[in-house]
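Protein chains in written order, with the numbering used here: chain A, 3 to 322; chain B, 8 to 322.
The beta-carbon is built from N, C-alpha and C at its ideal position, and this holds for glycine as well.
Only one structure is covered here, and it is reproduced in the block below.
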Amino acid sequence: MHTKPLAFLTRSPLAGVFLALAVIFTLSALISPYFLTPYNLSVIARGLAFVGLITIAQSMLMVLGELDLSLGVIGGLCGVISGILMVRLGLEPYTSMLLAILLGACLGLLNGFLVTVLRLHSLVLTIGTAGIFGGANLVLTRGVAITGIPKDVQYLGRGDVIGLPVPFLIMLVALAIATFVMLKTPFGRYMYAIGNNQAGARMLGIKVDRVRLLVFVVAGAIAALAGVLMVARLGTAQPSIGDTWVLAPIAAAVIGGVATTGGIGSPIGAIFGAGIIAIIENIIVLFGVSPYWQGIVSGVIVVLAISFDAISRRYIRRDA
Amino acid sequence: MKRFATLLACAAAFALPVAAVAEDAQGTVKKDSYRFLVVPKVVHPWFDKVNDGAQAAAAAIKAQTGSNVEVIYSAPQSADVVQQNQIIDSALATRPDGLALDLLDPSGNRASLEEAQNQKIPLVIFDSIPPEGMAIPYIGSDFCEQAKIAARRLVEVLGGNGEVAIMQGVPTAPNHSIRAKCHREVFAEHPGIKVVAEGIDNDSIETAQQQAAAIMQANPNLKGWVASDAAGPIGIGQAIVEAGKQGKVTLVGLDNLPEMLDMIREGVADSSSASQPELQGYWSVMLLWAQATGAKVPGYLDTGNAFLTKENVGG
Numbered sequence: 003m004h005t006k007p008l009a010f011l012t013r014s015p016l017a018g019v020f021l022a023l024a025v026i027f028t029l030s031a032l033i034s035p036y037f038l039t040p041y042n043l044s045v046i047a048r049g050l051a052f053v054g055l056i057t058i059a060q061s062m063l064m065v066l067g068e069l070d071l072s073l074g075v076i077g078g079l080c081g082v083i084s085g086i087l088m089v090r091l092g093l094e095p096y097t098s099m100l101l102a103i104l105l106g107a108c109l110g111l112l113n114g115f116l117v118t119v120l121r122l123h124s125l126v127l128t129i130g131t132a133g134i135f136g137g138a139n140l141v142l143t144r145g146v147a148i149t150g151i152p153k154d155v156q157y158l159g160r161g162d163v164i165g166l167p168v169p170f171l172i173m174l175v176a177l178a179i180a181t182f183v184m185l186k187t188p189f190g191r192y193m194y195a196i197g198n199n200q201a202g203a204r205m206l207g208i209k210v211d212r213v214r215l216l217v218f219v220v221a222g223a224i225a226a227l228a229g230v231l232m233v234a235r236l237g238t239a240q241p242s243i244g245d246t247w248v249l250a251p252i253a254a255a256v257i258g259g260v261a262t263t264g265g266i267g268s269p270i271g272a273i274f275g276a277g278i279i280a281i282i283e284n285i286i287v288l289f290g291v292s293p294y295w296q297g298i299v300s301g302v303i304v305v306l307a308i309s310f311d312a313i314s315r316r317y318i319r320r321d322a
Numbered sequence: 008m009k010r011f012a013t014l015l016a017c018a019a020a021f022a023l024p025v026a027a028v029a030e031d032a033q034g035t036v037k038k039d040s041y042r043f044l045v046v047p048k049v050v051h052p053w054f055d056k057v058n059d060g061a062q063a064a065a066a067a068i069k070a071q072t073g074s075n076v077e078v079i080y081s082a083p084q085s086a087d088v089v090q091q092n093q094i095i096d097s098a099l100a101t102r103p104d105g106l107a108l109d110l111l112d113p114s115g116n117r118a119s120l121e122e123a124q125n126q127k128i129p130l131v132i133f134d135s136i137p138p139e140g141m142a143i144p145y146i147g148s149d150f151c152e153q154a155k156i157a158a159r160r161l162v163e164v165l166g167g168n169g170e171v172a173i174m175q176g177v178p179t180a181p182n183h184s185i186r187a188k189c190h191r192e193v194f195a196e197h198p199g200i201k202v203v204a205e206g207i208d209n210d211s212i213e214t215a216q217q218q219a220a221a222i223m224q225a226n227p228n229l230k231g232w233v234a235s236d237a238a239g240p241i242g243i244g245q246a247i248v249e250a251g252k253q254g255k256v257t258l259v260g261l262d263n264l265p266e267m268l269d270m271i272r273e274g275v276a277d278s279s280s281a282s283q284p285e286l287q288g289y290w291s292v293m294l295l296w297a298q299a300t301g302a303k304v305p306g307y308l309d310t311g312n313a314f315l316t317k318e319n320v321g322g
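Shown next, in the form of structure tokens:
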């Protein structure tokens, strides 16, 4: 009986990006003696958690054929609001965090409403709303961090459970829910149908605008969750939270096989992509790469990862 | 012979505790090599000068002691505390012999600093102050005095009258916020001086230029500028030149980047109150090395300020 060595992978569109991630992980472990230490792996996992949450949110929107450039800013604003609620207004910390996540959902609702009802292009619209939300952040904080976040909620950002950072575990839960909904429920199938062909989905009787609106709401809530977790991580509500959560999640999703045109990809692939970026950011420091070379080095690794993904997919297809 | 042996034994008995004390004395643990990490606020020419000073200290230690000293300079691409913490955390994973940091926000950096202390990695903070309650040696100039030198000079040039503006830098960075506060204190002492605007440039020359241009548009009677970071005055100077206000708006700058010195030579800026980044980098490495050898180090080291004018910046 002739068995094809990679036959088990051929069924999965994630094979290429997973192999790219595995290769980068293995090379990093071989080259740096520090890479595989439990401390370093927890550093990578903790960093991945925050960008990972935004990546999950962005990949859900990208499957619909939408892009939301305000997600990082929503995270920052909601983080600051949670800080204001619990420090300045003295609200119960967990209630403050929940209210901030609810605000994130409302900001997502605003984006979704303007996209679906006024038929505005999500990419262009969210450039504008990112400015509004970011501006509100500055007005509220005047650029100064809110300190005095209660110690007990800091566990959500700094704590560990069986050696795994709490925010990483929260990200995994969000990933599991998003994946289940997108791959195993009618709602998820509607998302892919809309992303593939919006007009066709309408003709099939799918309530297209309702689905799009709901995904924007969920994406806003997930972004806010990332923001409040980062507040718990830092122990302060920094106005700059989310500033670097704009392009990396989109790049991660694309590396992970999510098409910007919609209808293709999954949050798991996007998280693999985010994992590649997180490892690159880590090894650049472990290897002591000059800050002036970091852009080139990380860019080259990303190009190599994408190329490896494309080549391995071709190989797997031929092998099948 | 017996007497000689007894004498030798006595000498040895006397020498042993002396040797033991010498072994335990501060600053006597020597290694063949040291690896120190320098993490500034952001990729920025001012911090390149810090790195130059750090590398000079590494060379000096090598020349004097024979120990190899590697200084790794790792800077965030943007002035973002999240990104800076990620770099610090990754750097800690490499178990360095010491870590020199310029904090973007002491409270926001606290968790990473606590982790370093848990791992017993020597720390030095430069150009900033430690988080409240954390005993970490720090190096810098007197930020407030540096700002006051600049603000007093502006008041003097304006004859104690006129509208002025302040560029804040990164508002969460303690050195920047201290300077902005001290600028305001000096201006408040002079009733003829009115602060009509404050900008935030986040240590970016481009942002400083945009902010300054907009502020000068909105305040046509503006007579002078001071800044709280090194990027600020360079952006302000560009905006002054672009607006054709050279000679009408006085800029008293901050620090000694090459562009700042050029602006003083060309008359775009009146002067600059400069900290000395090379010295901050040099002494950061020296204090890390001293800690790594077991020596005690001062809690604070002042590297001083210089006042730069056309007369002393040279051609």
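Nearest-angstrom beta carbon gap, residue 33 (chain B) and residue 301 (chain B) [assumed within contact, 8 Å]: Mapped onto the second sequence, residue 301 (chain B) falls at position 294. Mapped onto the second sequence, residue 33 (chain B) falls at position 26. That pair is a contact at about 6 Å.
Distance, residue 95 (chain A) Cα to residue 35 (chain A) Cα: One-based indexing of the first sequence puts residue 35 (chain A) at position 33. One-based indexing of the first sequence puts residue 95 (chain A) at position 93. Residue 35 (chain A) and residue 95 (chain A): Cα-Cα distance of roughly 40 Å.
Proximity test, Cβ basis, 8 Å: residue 361 (chain B) and chain A: The displayed coordinates of chain B run from 8 to 322. Any statement about residue 361 (chain B) would go beyond what the structure contains.
Backbone secondary structure at residue 97 (chain A) - three-state DSSP: One-based indexing of the first sequence puts residue 97 (chain A) at position 95. Looking at residue 97 (chain A) - three-state DSSP - the assignment turns out to be helix.
Secondary structure, alpha helix (DSSP H): runs of 4+ residues fully inside the region 149–198 of chain B: 150–164 and 181–195
Inter-residue spacing [alpha-carbon to alpha-carbon] between residue 28 (chain B) and residue 304 (chain B): Here residue 28 (chain B) corresponds to residue number 21 of the second sequence, with the count starting at 1. Here residue 304 (chain B) corresponds to residue number 297 of the second sequence, with the count starting at 1. A caution first: residue 28 (chain B) carries a pLDDT of 44, below 50, which makes its placement in the model unreliable, though a value can still be read off. The straight-line gap from Cα to Cα measures roughly 20 Å.
Cβ-based neighbour list, residue 7 (chain B), same chain, cut-off 6 Å, excluding 5 preceding and 5 following: Limits of chain B in this structure are 8 at one end and 322 at the other, which puts residue 7 (chain B) out of reach.
Neighbourhood of residue 58 (chain A) by C-beta, 8 Å cutoff - its chain only, sequence neighbours within 5 removed: Against the first sequence, residue 58 (chain A) aligns to sequence position 56. Once the five neighbours on either side are set aside, the close Cβ partners of residue 58 (chain A) are 173, 176, 177, 180, 224, 269, 272 and 273.
Beta-carbon proximity of residue 145 (chain B) to residue 138 (chain B), cut-off 8 Å: On the second sequence, residue 145 (chain B) is found 138 positions in, with the first residue counted as 1. On the second sequence, residue 138 (chain B) is found 131 positions in, with the first residue counted as 1. No, they are not a contact pair.
Close beta carbons around residue 120 (chain A), own chain, < 8 Å, minus the five adjacent residues each side: Locating residue 120 (chain A) in the first sequence gives position 118, counting from the first residue. Closer than 8 Å at Cβ, skipping near neighbours: no residue.
Cβ of residue 225 (chain B) within 8 Å of any chain A Cβ: As a position in the second sequence, residue 225 (chain B) is number 218, starting the count at 1. It does not; no Cβ of chain A falls within 8 Å.
Stretch pair the region 118–135 of chain A + the region 64–76 of chain A: three plus CB contacts closer than 8 Å: yes
Local Cβ density within 10 Å of residue 231 (chain B), reported as buried at 16 or more and exposed below that: In the second sequence, counting from the first residue as 1, residue 231 (chain B) sits at position 224. So residue 231 (chain B) ends up on the buried side.
Buried or exposed by the 16-neighbour rule on C-beta atoms within 10 Å, applied to residue 106 (chain B): For the purposes of this step, residue 106 (chain B) is taken as residue 99 along the second sequence, with counting starting at 1. Flag for residue 106 (chain B) reads buried.
Within 8 Å, strictly: CB atoms of residue 244 (chain A) and residue 77 (chain A): Your numbering for residue 244 (chain A) matches position 242 in the first sequence. Your numbering for residue 77 (chain A) matches position 75 in the first sequence. Cβ atoms of residue 244 (chain A) and residue 77 (chain A): closer than 8 Å.
Sufficient close CB pairs (3 or more, under 8 Å) joining the region 57–72 of chain B to the region 235–254 of chain B: no
Simplified DSSP state of residue 273 (chain B), which is helix, strand or coil: Numbered from 1 along the second sequence, position 266 holds the residue referred to as residue 273 (chain B). The answer is helix: DSSP assigns residue 273 (chain B) an H, G or I state.
Given residue 275 (chain B) as reference, the closest of B:47, B:316 and B:177 once Cα atoms are compared: Residue 275 (chain B) sits at position 268 when you count from the first residue of the second sequence. If we check each option's Cα against that of residue 275 (chain B), B:316 comes out closest.
Residue-level contact to chain A via CB, residue 62 (chain B), 8 Å cutoff: Stepping through the second sequence from its first residue, residue 62 (chain B) is reached at position 55. Not closer than 8 Å to any Cβ of chain A, the Cβ of residue 62 (chain B) fails to qualify, so no.
Proximal residues to residue 21 (chain B) (C-beta, below 7 Å), its chain only, five neighbours per side dropped: Taking the first residue of the second sequence as position 1, residue 21 (chain B) is located at position 14. For residue 21 (chain B), the predicted model reports a pLDDT of 49, less than 50, meaning its position is unreliable and no value from the coordinates is stated.
Test item: CB-CB of residue 27 (chain A) and residue 228 (chain A) under 8 Å: The count along the first sequence starts at 1 and reaches residue 27 (chain A) at position 25. The count along the first sequence starts at 1 and reaches residue 228 (chain A) at position 226. No.
Residues from the region 112–138 of chain B in contact with chain A, defined by Cβ distance under 7 Å: 112, 114, 115, 117 and 118
Interface flag, residue 290 (chain A) vs chain B, CB-CB below 8 Å: Looking up residue 290 (chain A) in the first sequence gives position 288. Answer yes: the Cβ-Cβ gap between residue 290 (chain A) and chain B drops below 8 Å somewhere.
Inter-residue Cα distance where the pair is residue 129 (chain B) and residue 210 (chain A): In the second sequence, residue 129 (chain B) corresponds to position 122, counting from 1. In the first sequence, residue 210 (chain A) corresponds to position 208, counting from 1. For residue 129 (chain B) and residue 210 (chain A), the distance between alpha carbons rounds to 58 Å.
Neighbour-count burial assignment, residue 193 (chain A), 16 or more Cβ in a 10 Å radius: Counted from its first residue, the first sequence places residue 193 (chain A) at position 191. The residue in question, residue 193 (chain A), is buried, as its Cβ has 16 or more Cβ neighbours within 10 Å.
Pair within 8 Å by beta-carbon distance, residue 283 (chain A) and residue 175 (chain B): Looking up residue 283 (chain A) in the first sequence gives position 281. Looking up residue 175 (chain B) in the second sequence gives position 168. No, the Cβ-Cβ distance between residue 283 (chain A) and residue 175 (chain B) is not below 8 Å.
Cutoff 8 Å: residue 243 (chain A) Cβ touching any chain B Cβ: Position 241 of the first sequence, counted from the first residue, corresponds to residue 243 (chain A). Yes, its Cβ sits closer than 8 Å to a Cβ of chain B.
Neighbour flag for residue 33 (chain B) against chain A, beta carbons, 8 Å: Sequence index remark: in the second sequence, residue 33 (chain B) carries index 26 (1-based). So no, residue 33 (chain B) is outside the interface.
Contact list for residue 246 (chain A) against chain B, beta-carbon separation under 8 Å: In the first sequence, residue 246 (chain A) corresponds to position 244, counting from 1. Going along chain B in sequence order, the residues near residue 246 (chain A) (Cβ under 8 Å) are 85, 87, 89 and 90.
Other residues of its chain near residue 132 (chain A): CB distance less than 6 Å, five sequence neighbours each side excluded: Here residue 132 (chain A) corresponds to residue number 130 of the first sequence, with the count starting at 1. The residues are 71, 72 and 75.
Cβ of residue 155 (chain A) within 8 Å of any chain B Cβ: Counted from its first residue, the first sequence places residue 155 (chain A) at position 153. It does not: the Cβ of residue 155 (chain A) has no partner Cβ on chain B nearer than 8 Å.
Proximity below 8 Å, CB of residue 236 (chain B) to CB of residue 277 (chain B): Numbered from its first residue, the second sequence carries residue 236 (chain B) at position 229. Numbered from its first residue, the second sequence carries residue 277 (chain B) at position 270. Not closer than 8 Å, so no.
Interface flag, residue 36 (chain A) vs chain B, CB-CB below 8 Å: The sequence position of residue 36 (chain A) within the first sequence is 34, counting from 1. Yes, residue 36 (chain A) lies at the interface with chain B (some Cβ there is under 8 Å from its Cβ).
Cα-Cα separation between residue 22 (chain A) and residue 266 (chain A), rounded to whole angstroms: Numbered from its first residue, the first sequence carries residue 22 (chain A) at position 20. Numbered from its first residue, the first sequence carries residue 266 (chain A) at position 264. Answer to the nearest angstrom: the Cα atoms are 19 Å apart.
Within chain A, partners of residue 52 (chain B) - CB distance below 9 Å: The residue labelled residue 52 (chain B) in the question sits at position 45 within the second sequence. Those do not exist, as residue 52 (chain B) stays about 11 Å from chain A at its closest Cβ, beyond 9 Å.
Sequence ranges, beta strand (DSSP E) only - wholly within the region 79–154 of chain B, length at least 3: 105–108, 130–133 and 145–147
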